[in-house]
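Down below is the structure, laid out as C-alpha cells.
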Amino acid sequence: MNQYNNPLRTGEANMVTTDRYNPHGREPKWQKYWDQIGLLRAMEVQKDAGGQTRPNPKKAYILVMFPYPSGDLHMGHLKNYTMGDLLARFRTQQGYSVLHPFGWDAFGLPAENAALKFGVSPADWTFANIQQSTESLNLMGIRYDWSREVTTCLPDYYQWNQWIFLKMYEQGLAYRKKSYVNWDPVEQSVLANEQVIDGRGWRSGALVEKRELEQWYLKITDYAERLLSDLDTLPRWPEKVKAMQRAWIGKSTGAEFEFQVKGHAARIRVFSTRPDTIFGATFMVLAPEHELVAQITTPEQKAAVEAYVTAARLKSEVERQLEDREKTGVWTGVYALNPANGKEIPVWIADYVLAGYGTGAIMAVPGQDQRDWEFAEKFGLEIVRTVQPPPDFSGKAYLEDGPAINSDFLNGLYMDDAKKRIIAWMEGNGIGEGRVNYRLRDWLISRQRYWGTPIPMIHCERCGIVPVPYEQLPVELPTLRDVDEIRPKGKSPLAAHPEFYVCDCPQCGSQARRDTDTMDTFVDSSWYFLRYADALNPNQPFDPEKADFWMPVDQYIGGVEHAILHLLYSRFFTKFLHDIGLVQAQEPFEGLFTQGMVQGWTDVGEVEVSGETIQFKNLERRAKLEIPETLTLEEARKSGAELRTHDDGTVHFWKAATMSKSLGNGVMVGPFVREQGADIARITILFAAPPENEMIWTEEGVQGAWRFLNRVYRMVAEHLVELKAQGDHNPALLEGADKNLYQKLHQTIKKATEDIEALRFNTAIAALMELLNTMGEYRKEQGITPVYRHVVLCYLQMLAPFAPHLSEELWHQFHNASVFSAPWPRLDEAALVADSFELVVQVSGKVRGKTTVSAQASEDEIRRLARELPNVQQHIGGKEVLKEIYIPHKLLNIVVKG
RNA sequence: GCCGGGAUGGCGGAAUGGUAGACGCUACGGACUUAAAAUCCGUUGGGCGCAAGCCCGUGUGGGUUCGAGUCCCAUUCCCGGCACCA
C-alpha cells in the first residue's frame, strides 16, 4: 500500500493505479455512492419500531445563503457551502433529521447585464450558470437535498411572491405612493433606501438621483417595533449584525407637537427627542421639500427661498454630504410662536433638515443641539441654554443631562423628569403628544426592469387599481429573447409589450392594463427558506405543518453584507407570514453566522522601486485594492505585501485580496479539485483561520492539509491487515498506555463535538491532528492493538464531516456501510478521569516545579509532594508560608512572605 | 463623532481567572537518497547560563487577586458599520 499521493506534486495527475488512494478516481466514486444511498435527503417523518410514522424529535435545518448563479465557482464562493455541508453531515451522524437544501437567487441584474453584454437571454445565461455552479458544488463533495431545489426565476416559485404580495395588499401592507424616490441612472430603475450606500446605487455605484414617481411599497414600518425588540430574542446572532439592524431601524422616543405660524392658519408640526428643551427653541427649520414652504414664504423672501429649494433639489445626497457640512439656509420671512413661552421665533429653510424623517421640520434649540448651534452662529440667531452645563464645560451645545434653566415650570428638573412634565403639559394643552419615531422607511419594491417577478396588479380606468385574482396566478413573465427588448429605457421593458400588459379588468371586464414593473429581487430571497420546507407544493407557498417542523433555521451561514437588506426583509416576511397564520416561527434564523472572506495572492502589477518608494504602473488595480498612491518598501512590508520578480525580470507587487472574478485571483474549484482533491480543499479552507475571520488561501496551507490527510491515510493503509485482525477491547480493563490513548480519544471526542457545534472548525481540526500525533506515538511503542483499532474507527468518524471522501474510503475497509450512517462516537465521561495528573507547583504565583501525582492522592499528600521538589524548596527557602491555594487536579500555589 | 469587534512569536492562530504560545505554516539542523522531491527525527518568543535553572514577555499605563492574555479603570492604535435622523 502506497502513500496518499498528491498527484500534482508527483506529476501523476492522470495516473490511476489500483494500489494508491487517488482522489481523482476515488472522490467521484463516493459522491455517486452518497447520492445512491440518499445521504442528506431530508425526511420530516421517521418510521419507529412499530412501523408507525412520527416526527423525528431532533431536527436540524442547516442553511447557507443561496447565491446568484454566477457560473464557475472559486474557493471564495465555496467556503460557506463547505461549512454548511460539514454541519449537515455532522448532524446526520448525530442522528438528527437534517434539512440541507439549495437553490438559486436567479432573478436580478447580473443576468440582465450579462444578457445585454453577451447577447443571450437572461434565462439561458442563468440556467447555464446554474449548471456550472452545481458541478463545482458536486466536485467539492457538497451534498444537498436537491429534490427541494428552489430557483426563483421559475413561475413555480415566483407565483408565491405574487401570492404573498396580494396577501399583503389585502392587509394594507402593500400600497402605492407618489414620492421622491432613489433613481439609479445606470440601472434605469428605482432603488430601496437599503440599496443606496453613501448616495450611490449598491450595484452600479452610480450617484442616485431623486425622482418623483408613483411606486409600490411594502409597509415594513408597521413591523419596526417588533423587528427591533425581537433582536433581543436572538442570542446566537453576531452582535455587530444586531447593532447594524438596530441602527437602521433607528428608534427614537420623544414628542410631536405644533407651532402656530404667526399671521397664518398653518401650524408647523415637529418631532423632537428633547421636548424638555422647548424653552430654548429660538428658531425653526423646515426641510426644503416641506409642503408649507411655498405657502408661508413672504413675497420679499420668495425669490431667495425658491432659489434655495431648487438648488437643494438638484443636489444629490453625495453632493450634500461633500459640502463639508457647512450649514446653509434661508429665512422664509415669517415667524412662529413658541407654544411654551409665546416668543416669536423665525422660520428658516435648510437642507440639514431632512424631508423624509419625522415631520420634515424641527424646532431648533442651539443651546442643546450642535447642528442648531452651528446654524445659529452662522446666521446670528439667538442662543438660550435650557440645561445647566457643569462649570468646567467649554463646548458649544450641551447635550448631556443637567438641571433645566430658563425653562419656567421645568426649572431644576433633570432630563427624564423634564420630558415627562413637558409632554404631560403638551397633551393637557392640546399642543402635541409623546411619540416614537423610526428611521426605517417603507420598502420600495417596484423596479423598472425585465428580469423579475411581475407585480400582480391591474390598472383599470374605471375601477382603479385591482389586484389579480389568486386563481389567475402566476402572472408569467413573458420570454424576451431580443436583447433590445430587455434594455432598460427608464421605464419597464414590459411596457413595450401589449401582449403582456393588455388584459381585462377582473372587476368590470373592460380593457385594462397590467402593472409593468417587476419586484425587487430581495422579495425573492425574503421567504425562500420557507419554500424549502415544501418546495414542490403546487397549491400554496408551503404547507404550514411542514414549515413548522423545520423552522426556524437552526444555523444560517452567509456574508455580513446582507446584515441589513436580506436579513431584515426576511425577518419582516416571516413575521407577516406568522401573522396570517402560515408559520409559527416569528424569527426565521435562530443562529446566524457571518463567515470571513477568502483571499488569494493577487498580482497588483508591475512596479518600479526608486530608493524607498514604490511606483505602480497599473494604477487602476492599485486604486481598486485601495493601496495608497505613495508607498515605501517598509509600509508595503508592514501591510503584508510582497515584491516578486517575475520570469521576464519585471518586479510585481503582490498582496492578498478577496478572491474575485475581476481580479482573477480566484482558485477555481474545478481545476483544483481535479488535481488535488476536494478533501484537501476542504481542510485548507477550514483549518487556515477561524471561520469568522478572513483566510488567505496559500500554497503552504494546501501543503499542510495534504500532509495531514496523507498521514491519516497511511495510519490505516500501512497497517490495514493488522488493524483488521484486531478484536474488541474492554474499556473498563484498560491500563497504562492503552488507557491513556483511550482517554485522549475521549478528550478529542469532547473537544471536536463542542467545537463543531460552536463552528470552531479550525480548533476541531487541531484536536484531530493532536490525536493523530498521540496515536503515532502510541503505535510506535505498543503496535497495533484492539484499542488502537477502536481509536482509528472513531477517528474516521470524526474526520468524516471535514474530509468525507477519504473517511468514507477508509471506513469501508472495515464496514460495508456509510460512515455517515454510523452514530457519532459517544463520549465516555468516565474515560476523561485520569489515573494521575501533572501537578503544577507555584511559589508566590510563579511556576517552580511540576510533578506527576496519583489522582487518588489526598490533599495533604499533594502538599507534601510539592514541597519535596528541590526547586520548590529552594524558592521557599526558610521563608514563612502565608497560605496555600490548591486547585484540585491542577495546581498548588504556596505563598511565602517577602 | 457614535456604535460593534479587535491588538498574543517570523506568519495563521490556541488558551472555563490557574503551566502563555495548542495545532499548523515558515525557517534551520539531521536521517534516508547517486541526487532531488516526498517522508521521518529534532530545534524554532527574547535574553543570560556548561547545566540545573533564572530573568523578561499577550498594544500602553494603572488597579483587583494567592495568581490576569482573560476581570475593572484609563489610554493608543487597527478593522467593520453608521453618520446633519432633530
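Residue numbers (my numbering): 18 to 915. Just so it is clear, CB atoms sit at the ideal spot from N, CA and C, and this is done for glycine as well.
Which residues mark the beginning and the end of the beta strand (DSSP E) in which residue i is found?
i	result
Leu661	For the record, residue 661 in the displayed sequence is Arg; it is not Leu. Looking at the DSSP string, the run of the beta strand (DSSP E) that includes Arg661 is 659-662.
Ala817	No beta strand (DSSP E) holds Ala817; DSSP gives it neither H nor E.
Glu623	615-627
Gly866	863-871
Based on Cα-Cα distance, which residue from the options lies nearest to residue i?
i	options	result
Glu739	Ala329, Glu787, Gly718, Arg806	Arg806
Tyr467	Leu823, Cys477, Arg777, Thr496	Thr496
Arg796	Gly271, Lys900, Glu735	Glu735
Gly657	Glu242, Ile181, Asp745, Leu648	Leu648
Val351	Val278, Gly271, Ser221	Val278
Leu248	Arg263, Ile644, Gly718	Arg263
Gln616	Met712, Gln572, Phe590, Ser543	Met712
Asn910	Thr667, Arg881, Ile285, Val857	Val857
Arg865	Ile295, Arg884, Gly280	Arg884
Gly267	Phe276, Trp254, Tyr240, Thr250	Tyr240
Gly666	Glu623, Met568, Lys184	Glu623
Leu3	Gly297, Pro491, Val326, Asn423	It is not possible to answer for residue 3, since the shown part of the chain is limited to 18 through 915.
Phe566	Pro45, Met60, Arg43	Met60
Ala839	Phe83, Lys863, Glu44, Gln110	Gln110
Leu823	Leu703, Gly862, Lys756, Asn727	Asn727
Do residue j and residue i count as a contact pair if the criterion is CB distance below 8 Å?
i	j	result
Pro818	Ile766	no
Leu303	Ile214	no
Tyr192	Lys259	no
Gly608	Met92	no
Val500	Ala123	no
Asp102	Gly687	no
Ala552	Arg58	no
Pro172	Trp121	no
Ala378	Val347	no
Ala421	Gln387	no
Thr294	Val225	no
Ala393	Thr299	yes
Leu599	Pro555	no
Asp571	Tyr78	yes
Lys900	Val912	yes
Quick one: is residue i buried, meaning 16 or more other Cβ sit within 10 Å of its Cβ, or exposed?
i	result
Thr315	exposed
Thr99	buried
Tyr487	exposed
Asn146	buried
Leu56	buried
Leu585	buried
Gln53	exposed
Asn23	Note that Asn23 has pLDDT 43, beneath the 50 cutoff, so the model's placement of it is unreliable and the number below is only indicative. Asn23 is buried by the Cβ-count criterion.
Cys811	buried
Phe135	exposed
Arg26	Any reading at Arg26 must be qualified, since the residue scores a pLDDT of 39, below 50, and its modelled position is unreliable; the value itself is stated next. Flag for Arg26 reads exposed.
Ile902	exposed
Ser543	buried
Asn790	exposed
Ile904	exposed
Glu204	buried
Kindly indicate which three-state DSSP category residue i falls into: helix, strand or coil?
i	result
Lys437	helix
Arg291	coil
Lys257	helix
Trp841	coil
Gly469	coil
Gln940	Look at the range of the chain in this structure, 18 to 915, and you will see that residue 940 is not part of it.
Asp551	helix
His117	coil
His892	helix
Could you check where the alpha helix (DSSP H) with residue i kicks off and where it finishes?
i	result
Cys520	Note, Cys520: premise wrong, no alpha helix (DSSP H); beta strand (DSSP E) at 519-521.
Thr8	Residue 8 lies beyond the range of the chain shown here (18 to 915); nothing can be said about it.
Ile702	695-704
Gly449	Not the alpha helix (DSSP H): Gly449 falls in the beta strand (DSSP E), residues 449-454.
Arg881	876-885
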